[in-house]
Amino acid sequence: EAQVTQNPRYLITVTGKKLTVTCSQNMNHEYMSWYRQDPGLGLRQIYYSMNVEVTDKGDVPEGYKVSRKEKRNFPLILESPSPNQTSLYFCASSQTGGQPQHFGDGTRLSIL
Amino acid sequence: SQKIEQNSEALNIQEGKTATLTCNYTNYSPAYLQWYRQDPGRGPVFLLLIRENEKEKRKERLKVTFDTTLKQSLFHITASQPADSATYLCALGDSGTYKYIFGTGTRLKVLA
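Line order of the protein sequences matches chains A and B. Take the position in the first sequence, starting the count at 1, then add 1166; the result is the number in our numbering. Take the position in the second sequence, starting the count at 1, then add 47; the result is the number in our numbering.
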């Protein structure tokens, strides 16, 4: 089954404790992206990747890091999480840029 | 700055009627526009993609139009059903950077 898998689905943690949210896709897609979704603000793009070793900033990259060492994986790293990063996060992938995106089921992060 | 607006936060219509959702944008020249459906607690699901050189696209009961002069897209669901109740998101994309901007969504409720 074609899917985008995110882990963990839920996480409560404390300020300053580094965390990684993993994202993996099994569709051999070149394009992958991370979004955060907040009430009243909609989905905002954090980072995206056109292909392996190619990443670029979205609209809200501050406080986040990403890497794309393999085609299927695109982890999101919060080096020093802060409460304003409490949000619902989605990973997505598509065949190439501009094509329909497949989204994961989301990761709900709470940073205290 | 770039801005994207969806017509209203919520839209209630009677079963069997046509639902029309609006997506307006400013300070942007997108190469393509996508519509997604999002159910509570789930990731967005792709519905339709329309490119800047296309006026209209159809898929079953769905139709999307794209007017680059008015800077507007209309999304229609004909013969609406209670199962169509969800939040609908529009997303604009840039062919140069492949960044995305999403609207905040319209919550559609189809009444039986």
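From the three backbone atoms N, C-alpha and C, an ideal C-beta is built for every residue, glycine too. As the structure is a prediction and not an experimental result, all values here were calculated from the model.
query: Ordered along the chain, which non-local residues of its own chain (more than five positions away) have a Cβ less than 6 Å from that of S1290(A)?
result: Only positions 1167 to 1278 of chain A appear in the structure, and residue 1290(A) is not among them; the question remains open.
task: Could you list the residues in the stretch 1219-1245 of chain A with a C-beta less than 8 Å from some C-beta on chain B, going in chain order?
output: D1222, G1224 and D1225
query: Is it buried or exposed for S48(B), if we count other Cβ within 10 angstroms and need 16 for buried?
result: exposed
- prompt: Which residues bound the beta strand (DSSP E) around H123(B)?
  reply: Q119 to I124
Interface residues of chain A facing S142(B) [CB-CB closer than 7 Å]: G1264
- request: Quick one: measure Cβ to Cβ for R115(B) and E99(B), integer angstroms, because I've assumed they're closer than 8 Å.
  value: Inspection of the sequence shows that residue 115(B) is occupied by Thr rather than by Arg. Correct: roughly 6 Å between the Cβ atoms.
Contacting positions in the stretch 1194-1211 of chain A - beta carbon closer than 8 Å to chain B: Y1197, S1199, Y1201, G1206, L1207, G1208, L1209, R1210 and Q1211
Continuous alpha helix (DSSP H) assignments of at least 4 residues falling wholly in the stretch 1191-1244 of chain A: none
- request: Identify the contact partners of Q81(B) in chain E, using a Cβ-Cβ distance below 7 Å as the criterion.
  value: Looking for chain E here will not work: the only protein chains present are A and B.
field: Contact under 8 Å by Cβ, R1210(A) with V1226(A)
entry: yes
message: On the criterion of 16 or more Cβ atoms from any shown chain inside 10 Å, does R1234(A) qualify as buried, or is it exposed?
response: buried
- request: Express the C-alpha separation of T134(B) and T152(B) in angstroms, rounding to a whole number.
  value: According to the sequence provided, residue 152(B) is Gly. The question's Thr does not apply to it. Using only the alpha carbons, I get a separation of about 6 Å.
Limits of the beta strand (DSSP E) - the one that Y147(B) falls within: Y147 to F149
message: Please classify G1270(A) as buried or exposed, where buried requires at least 16 other C-beta atoms within 10 Å of its C-beta.
response: buried
field: Under 8 Å from the C-beta of G63(B): neighbouring residues of chain A
entry: Chain A residues near G63(B): none, gap ~28 Å exceeds 8 Å.
query: Is any beta-carbon of chain B found at less than 8 Å from that of K1214(A)?
result: Before going further, note that residue 1214(A) is Tyr rather than Lys in the sequence given. Chain B contact via Cβ: present.
- request: Specify the secondary structure class of A130(B) as computed by DSSP and reduced to three states.
  value: helix
query: What whole-angstrom Cβ distance do N1192(A) and Q1169(A) have, given they're in contact under 8 Å?
result: 6 Å
- prompt: Sorted by chain position, which residues of the same chain lie with C-beta nearer than 6 Å to L80(B)'s C-beta, five sequence neighbours on each side aside?
  reply: I97, F113, S120 and L139
Under 9 Å by beta carbon: chain A residues contacting R89(B): F1269, D1271 and G1272
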